[in-house]
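Shown next as structure tokens:
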């Protein structure tokens with residue numbers, strides 16, 4: 001059908017469901033991927049992302065398992081590479097590595113003892129070193145980790161202020177597909193320089209129509225092929241009261257993500273299978289190759305069912321391309 005779909009597994013909140021149950025359910029429903037977010041402490045009870053994803057990988061065989069997105073600069077770089085490699089190994093090569101600079105919750109950076117400032121530069125350094133770390137190459141530590149005595153990495157010129165030691169991680173694994181999040185100009189350049197795809201979060205489809213071309217032009221400057229475009233979409237899969245759910249979701253996007261109310265309303269996706277299918281088709285028409293649906297609310301099972309039905313409507317060709325019309329569909 002030209003569009004892959006995945007779901008975000010709920011790993012936060014006051015009543016966190018069994019990760020293995022949600023992952024199994026998602027795979028049996030036909031989704032192409034399952035994903036988890038990454039925070040240390042954002043004010044809610046939450047599970048650690050790499051361990052949660054390992055549990056999901058252990059009970060599935062087909063779906064891709066994704067980090068969406070790992071706050072790479074919030075972790076010690078070599079340990080992060082080891083965690084990524086372990087996930088790739090345990091999943092049988094099914095990992096999709098989503099990476100972002102984070103920063104939406106400054107308190108968790110203070111809790112980790114890691115400076116919030118400079119996280120973009122640190123992310124770039126780790127992304128440059130990551131292929132070598134994952135594939136078993138001897139990788140210099142200069143610029144990645146503090147030298148003995150605690151001098152921060154990158155505080156001076158490479159090879160002088162930073163320790164010159166090298167590290168080799170084993171077992172070596174194939175580098176997983178790298179999807180990079182963020183919407184700033186620097187983030188898009190990061191996608192062009194290092195990424196296989198841009199993971200746009202809570203972005204209306206109309207804003208993505210020209211993204212592929214822009215990324216292709218930027219990637220050409222680095223001698224790389226054009227990255228693909230993926231979308232992380234917070235959606236309310238409901239069979240009734242869709243307008244009310246859309247309003248609640250728009251309010252959440254505005255309050256939680258700081259989105260302009262008008263843009264939040266355009267980004268809000270809510271309704272039954274037909275309404276969700278129409279929005280999926282809009283993303284497909286905008287050139288998006290993979291949509292990850294994150295359920296808004298706690299009734300994940302019912303929402304996964306709505307998302308799966310929407311996916312099937314699209315697969316069956318019951319959404320007229322580019323028109324937003326579903327033939328003989330119910331659940332709007």
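Residue numbers (full-length UniProt numbering): 1 to 332.
Even for Gly, the Cβ is constructed at its ideal location relative to N, Cα and C.
Since this is a predicted model, take the numbers as computed values, not measurements.
Endpoints, the alpha helix (DSSP H) within which residue i is located
i: residue 92; result: Segment: none, residue 92 is in no alpha helix (DSSP H) and carries neither H nor E.
i: residue 211; result: 211-221
i: residue 28; result: 19-28
i: residue 176; result: Taken as a continuous stretch (DSSP letters only), residue 176 belongs to no alpha helix (DSSP H), as it is neither H nor E.
i: residue 251; result: 242-257
i: residue 116; result: Where residue 116 is concerned, there is no enclosing alpha helix (DSSP H), given that its DSSP letter is neither H nor E.
i: residue 306; result: 300-315
i: residue 185; result: 185-194
i: residue 112; result: 106-112
Cβ neighbour criterion (16 or more within 10 Å) applied to residue i
i: residue 309; result: buried
i: residue 184; result: exposed
i: residue 320; result: exposed
i: residue 283; result: buried
i: residue 104; result: exposed
i: residue 240; result: exposed
i: residue 155; result: Confidence at residue 155 is low in this model, with a pLDDT of 44, below 50, so its placement is unreliable and the value that follows should be read with caution. Per the 10 Å Cβ criterion, exposed.
i: residue 221; result: exposed
i: residue 160; result: Any reading at residue 160 needs caution, since the residue's pLDDT is 42, under 50, leaving its predicted position unreliable; the model's value is listed next. Counting Cβ neighbours within 10 Å, residue 160 comes out exposed, since fewer than 16 surround it.
i: residue 261; result: exposed
i: residue 162; result: Caution is warranted here: a pLDDT of 45 is assigned to residue 162, below 50, making its placement in the model unreliable, and the coordinate value is therefore given only provisionally. Looking at its Cβ environment, which holds 16 or more other Cβ atoms inside 10 Å, residue 162 is buried.
i: residue 176; result: buried
i: residue 206; result: exposed
i: residue 217; result: exposed
i: residue 10; result: buried
i: residue 19; result: buried
i: residue 14; result: exposed
i: residue 281; result: buried
i: residue 70; result: buried
i: residue 223; result: exposed
i: residue 110; result: exposed
i: residue 108; result: buried
When the options are compared against residue i, the one with the closest alpha-carbon
i: residue 72; options: 48, 80, 245; result: 80
i: residue 139; options: 113, 166, 170; result: 166
i: residue 307; options: 319, 281, 276; result: 276
i: residue 29; options: 301, 318, 314; result: 301
i: residue 214; options: 197, 263, 134, 269; result: 197
i: residue 173; options: 186, 74, 289, 137; result: 137
i: residue 285; options: 208, 199, 224, 273; result: 208
i: residue 133; options: 82, 179, 195, 143; result: 82
i: residue 113; options: 122, 125, 124, 74; result: 74
i: residue 212; options: 288, 20, 177, 255; result: 288
i: residue 126; options: 195, 262, 272, 279; result: 195
i: residue 94; options: 143, 44, 32; result: 32
i: residue 3; options: 182, 180, 11, 229; result: 229
i: residue 192; options: 178, 8, 115; result: 178
i: residue 123; options: 190, 106, 111, 142; result: 190
i: residue 26; options: 46, 69, 304; result: 304
i: residue 8; options: 257, 14, 40, 96; result: 96
i: residue 168; options: 101, 117, 203, 78; result: 78
i: residue 274; options: 268, 318, 254; result: 318
i: residue 182; options: 250, 242, 244, 101; result: 101
i: residue 23; options: 46, 48, 52, 40; result: 52
Cβ of residue i within 7 Å of any chain B Cβ
i: residue 191; result: This model lacks chain B altogether; it includes just one protein chain.
Residue span of the beta strand (DSSP E) that contains residue i, given as start and end
i: residue 343; result: Lying before the first or after the last residue shown, residue 343 is absent from the chain, which here runs from 1 to 332.
i: residue 232; result: 228-237
i: residue 271; result: 269-271
i: residue 291; result: 290-295
i: residue 141; result: Residue 141 -> no beta strand (DSSP E), and no H or E assigned at all.
Cβ pair count under 8 Å reaching 3, the segment 293-300 against the segment 234-247: yes
Between the segment 18-36 and the segment 60-68, can you find at least three pairs of beta-carbon atoms closer than 8 Å? yes
Does the contact criterion of 3 or more C-beta pairs under 8 Å hold for the segment 39-58 versus the segment 77-93? yes
Ranges of the alpha helix (DSSP H) found wholly within the segment 48-81, counting only runs of at least 4: 49-58
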